[in-house]
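>
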Amino acid sequence: MSEKTVHVIPHTHWDFEWYFTHPESSVQLVYHMDDLLQALRSGQLNQYILDGQMSIVEDYLELVPENRQELQRLVKHGHLKTGPWYTQCDQLIVSGESIVRNLLLGIRAAEALGKCWMMGYAPDAFGQSIDMPKIYAGFGIQHSVFWRGLSSDTCPWREFNWRSEDGSEVSCYQIRNGYYLAEPQIAGMAPDDIVAMVSQGSRSTHVPFPFGADQIKTDTGLKDRLTHYNQHTHAGHQFVESSYEALFAGIQAQVSEPFIVEGEMIDAQFSKIHRSIYSTRYDHKQLNDQVETRLTHVLEPLMVLADHLGIPYKSSMVNSIWKQLLRCHAHDSAGGCNSDRTNQQILQRLVHADQMSAAGVDFLLRKLSESVGCSDVPDKVVFYNTLPYARCDRVIAGMDTEQPHFTLHDETGAWVDFTVLKSERCYRGSVRRSENEHDPSLYYYQHQIEVMLALPALGLRCLHVRENSPQSGQSQQMAWPELKHSQSPLQMAHSQCTITFADGRLTLDDHQTGAHWPDFLFVRDMGDDGDNYDYSPPEQDWILRLDFSDTDVQVRHTSLSQTMMIEGSWLLPANLAERQQQKRSVKVPFRLELTLADEQPLDIRLEIENRACDHRMQLVCSTDVMTTDSVADTPFGTVSRPHLHPRIDDWREKSWKEEPSCIYPLLHHVSLCHPEKSLTLLSCGIKEYEVIQPLKGDTSGSGESGDLALTLFRSVGWLGKPDLKRRPGIASGQQFKYIPTPDSQLLQRMSFRSGLIVNRQFNPAEIMQQWQRFAVPALSYQQQELNRFTNTMKYFGVNPLEQPVPALLSLLHVDAPGLVCSALKRAEPDGDGEGVVIRLYNPSSSALDHAGEIQLPAGVTQAFEVNLNEAVCRESAIEAGRVRLGVFAPKQVKTFKFLSV
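In terms of full-length UniProt numbering, the sequence shown opens at residue 1 and continues consecutively.
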């Protein structure tokens, strides 16, 4: 063995929460910091990494504010390493914008304390996203250290350069043996044995010894330990108290041609990556997705629009909501692999972020709408498009009128056709015990209408409401649908496809591609003998294929849409014991709603009241789009994944930590792409998919399949269990104690939403823009005083703006069909000036030579391209109120900032 320089790097990995709660972790941190600060003061330690995340530093300073100045001194002089993350986030199931905000807020918080440690440090994330090199590079981060996800099949070395498709590159080191090498069983090894362990697979003589572990006590005897190591090495190794910066400097001096790695890292050769955690605690993941979508695509753009019209942008409030959300993105928190007590606290933070973001939207909609300058027509409804693209969509809106009949008129006074989907007579007077005491003059009508509207990009459009005008053809009251038994053939069709229901099964005929998919949609239910980390099939499973027999079916037709509603229940095993006996005793009620509308995806909504334990449910789309790979979206692009992993047959013999199953994460969409047609499933909160193999247990073939499944949820009851079928060995999480998590059985009502798109060709930018239109509906607000409870905040008074808001307005327009907008926000107030920030990315594997342009609002005087940290890179020319976007490399992200007079 050649002599090594062993860089001993003191640190702690501080889980924000886990089987313990965040308050418990915070108390431990307060007293941990006493020992750490004393060790740094006395020189017992030269430097220390506080896990690369600022949220715990914020918590500490809130509890011990008197130590701020000492922390600032230690951080400024490099003794205490803080940042760049706000929380140590999951990289696979939170949005790209969430990852960017995590670093943006973490770096700013660390810099406010004195200095940010600019290292892509991810010691425990359950896999590394394909987009991390360009995200790191966008912040000026040049090096990354991580543990999980890399296999020797991908890279034989620990040192390598990781490259994104856009050419961004970051130098990496895989701490293959983990971050927890200060554990007694490792720290007590002979020094040469330690070096042999940590240097296997290294090209350089410089190797790290991450001297830390979870919430570990401060080792004040480190220097004595180093002296002992250096005195007892027989191979002449040198142990030095060091840093990752020194490690990379040593490696780069020796390795002139680094090994290049491309792609994501979700292999479990050296460590578990829990490739089915994406469906644990679905309720959390759904709510997180909802808040991410509202923050990024609704509240922030709406605030930009409102700021332009005179309502100041509230950066601190928005960032406060982001921080609440990011505190739910730590790898354990996002995964849901926690105790029930901890998951209850995560849920409360998600609810808080949800309510804050929703209240922000509600307030701005009301203030802007009540400021629209139409004093001559007081009764109006204002529609908003918060996306930076013009759209013409079917919109569902609430309306309140004093009379049962009304008409809508546009800005020119022309009739606007609409359909009343439902209408209810309501009372607006004081509540009384008996309706006989109600004042008849205080009744009004609540309606839900469906209307096709063209809406400007990032803008608004006002329609006028006139009552007592039931002219034929202008207001269409829906007839009640006829109730049909499930055995009766039913059909709904539009220009794109036809869906037929017969004998409990659904058939889809696509008119564009000629696809005929009998029984194309069903639910698959199987046992789950796993834990909060991983799905595991029982030894004696009973997989059930659930159709829609013995159901009540309705079909509703309007001029814009057709909706099929199927209600019934499935009979399932109550638990694993019943499943083993092939017994079914529990009724699980469900409601499936399919909506067809022209130029929109098939809208699939499913409600399930789960009453069974220890099972896993999937929504399966069965097609003839036979492929060997799937394509799913990533933070800023897409990734192709095989249906069958090359190691699926020999992973046990190769001592992998878990089975490389065809169970994968997605953010918003997943596709099967064939030369003649492609199938795409959109998702609003569902974060896991699997391509079902044609023959059960047959992994000897090509893996070709056209059955794409979204995992709806997993119902399990333990934090960790040992010796799972897909994950042998010790229990994940807390290996010394069984921790029950009955809440994770999800015995509750849950809702799921997906969309289905059939195209001739797969276009990732078009798909993602369709998802945005699907997941981000147009908003509406009616100015009226009949119903004071359209939202909670309407009860309170609001002053309209002094300057009236135009009745038709578009603030800016992104004309770039090949790009996707991921952010439209106000620039951070501590950056290079104020302004509006727009982030765009090319999700395609092909370059765009002329990506398009942005049409800017009047008054914009300067345009810049900035990095992800919002620092100016170069100025962009403004020509006739437009900025040309120029060339976009494959999967490239660009951020622009615009300044007004």
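A virtual CB, placed ideally from N, CA and C, is assigned to each residue, including glycine.
Remember, predicted model here, so these are calculated numbers, not experimental data.
(1) Sort out for me which residues DSSP pairs tryptophan 162 with in a bridge.
(2) Do valine 395 and valine 361 have their beta-carbon atoms positioned less than 8 angstroms apart in this structure?
(3) With a CB to CB cut of under 8 angstroms and the five nearest residues on each side skipped, what residues in its chain are close to alanine 479?
(4) Taking 8 angstroms as the threshold, find out whether the segment 118–131 comes into contact with the segment 222–238 through three or more Cβ pairs.
(5) Going by beta carbon distance, what residues of the same chain come within less than 6 angstroms of phenylalanine 20, once the five residues before and after it are set aside?
(6) According to DSSP, is arginine 366 helix, strand or coil?
(7) Can you tell me the Cα-Cα spacing of serine 475 and glutamine 403, whole angstroms?
(8) What does the alpha-carbon distance come out to for the pair proline 440 and threonine 401?
(9) Going by C-alpha to C-alpha distance, which of Leu104, Gly818, Gly201 sits closest to glycine 138?
(10) Starting from asparagine 319 and walking both ways along the alpha helix (DSSP H), at which residues does that stretch end?
(11) Could you pull out every residue in the same chain whose Cβ sits closer than 6 angstroms to the Cβ of lysine 721, ignoring the five residues on either side in sequence?
(12) Checking 8 angstroms against the spacing of the C-beta atoms, do leucine 885 and alanine 858 come in under that value?
(13) Mapping the DSSP letters down to three states, classify lysine 380 as helix, strand or coil.
(14) Since threonine 296 and serine 95 should fall inside the 8 angstroms C-beta cutoff, what is the C-beta to C-beta distance between them, to a whole number of angstroms?
(15) What is the DSSP secondary structure of aspartate 550, counted as helix, strand or coil?
(16) So, is methionine 626 buried or exposed, given that buried needs 16 or more other C-beta atoms within 10 angstroms?
(17) Check whether the Cβ atoms of leucine 365 and tyrosine 781 sit closer than 8 angstroms, and answer yes or no.
(18) Using only the alpha-carbon positions, how far apart do proline 278 and arginine 714 sit?
(19) Which same chain residues, not among the five before or five after alanine 390, have their C-beta less than 8 angstroms away from its C-beta?
(20) Would DSSP call lysine 891 helix, strand or coil?
(21) Helix, strand or coil: how does DSSP classify leucine 719 here?
(22) Any heavy atom of the ligand COA closer than 7 angstroms to the beta-carbon of proline 728?
(23) Taking buried to mean at least 16 other C-beta atoms within 10 Å of its own C-beta, is tyrosine 445 buried or exposed?
(24) Any idea what DSSP makes of serine 26, helix, strand or coil?
(25) Using DSSP with H/G/I as helix, E/B as strand and the rest coil, what is proline 156?
(26) Enumerated in chain order, which unbroken segments of the beta strand (DSSP E) with a length of 3 residues or greater are wholly contained in the segment 717–765?
(27) Tell me, please, which residues DSSP counts as bridged to tyrosine 781.
(28) Would you decide whether leucine 560 is buried or exposed? Buried here means 16 or more other CB atoms lie within 10 Å of its CB.
(29) Are the CB atoms of arginine 726 and glutamate 658 nearer to each other than 8 angstroms?
(30) Figure out for me which residue from Asp550, Ala877, Leu868, Tyr244 has the closest Cα to the Cα of leucine 840.
(31) Let me check understanding here. Comparing Cα to Cα, which of Gly201, Val716, Gln803 lies closest to tyrosine 282?
(32) For valine 586, name the three-state secondary structure that DSSP assigns.
(33) Could you check what DSSP says for methionine 478 in three-state terms: helix, strand or coil?
(34) Tell me whether asparagine 436 is buried or exposed, calling it buried when 16 or more other Cβ atoms sit within 10 Å of its Cβ.
(35) Quick one: Cα of residue 902 to Cα of glutamine 562, how far?
(36) Give the straight-line distance between the Cα atoms of arginine 545 and arginine 461, rounded to the nearest whole angstrom.
Put simply:
(1) Val170, Val261
(2) no
(3) Residue placement at alanine 479 is flagged as unreliable, the pLDDT there being 38, under the threshold of 50; the coordinate-derived value follows with that caveat. Excluding residues within five positions, none has a Cβ falling inside 8 angstroms.
(4) no
(5) none
(6) helix
(7) Note that serine 475 has pLDDT 48, beneath the 50 cutoff, so the model's placement of it is unreliable and the number below is only indicative. Distance between the alpha carbons of serine 475 and glutamine 403 is about 13 angstroms.
(8) 15 angstroms
(9) Leu104
(10) 315–326
(11) Asp531, Ala731
(12) no
(13) strand
(14) 7 angstroms
(15) coil
(16) exposed
(17) yes
(18) Inspection of the sequence shows that residue 278 is occupied by tyrosine rather than by proline. Each residue's alpha carbon lies about 9 angstroms from the other.
(19) Ala454, Leu455, Pro456, Ala457, Ser810, His813
(20) coil
(21) coil
(22) Looking at this structure, you won't find the ligand COA or any other ligand, since it has none at all.
(23) buried
(24) helix
(25) coil
(26) 749–759
(27) Val382
(28) buried
(29) yes
(30) Leu868
(31) Val716
(32) strand
(33) In this prediction, methionine 478 scores a pLDDT of 48, lower than 50, which makes its location untrustworthy; the coordinate-derived value is nonetheless stated afterwards. Residue state, collapsed to three classes: coil.
(34) exposed
(35) Nothing can be reported for residue 902: it is not among the residues displayed for the chain, which extend from 1 to 901.
(36) 47 angstroms
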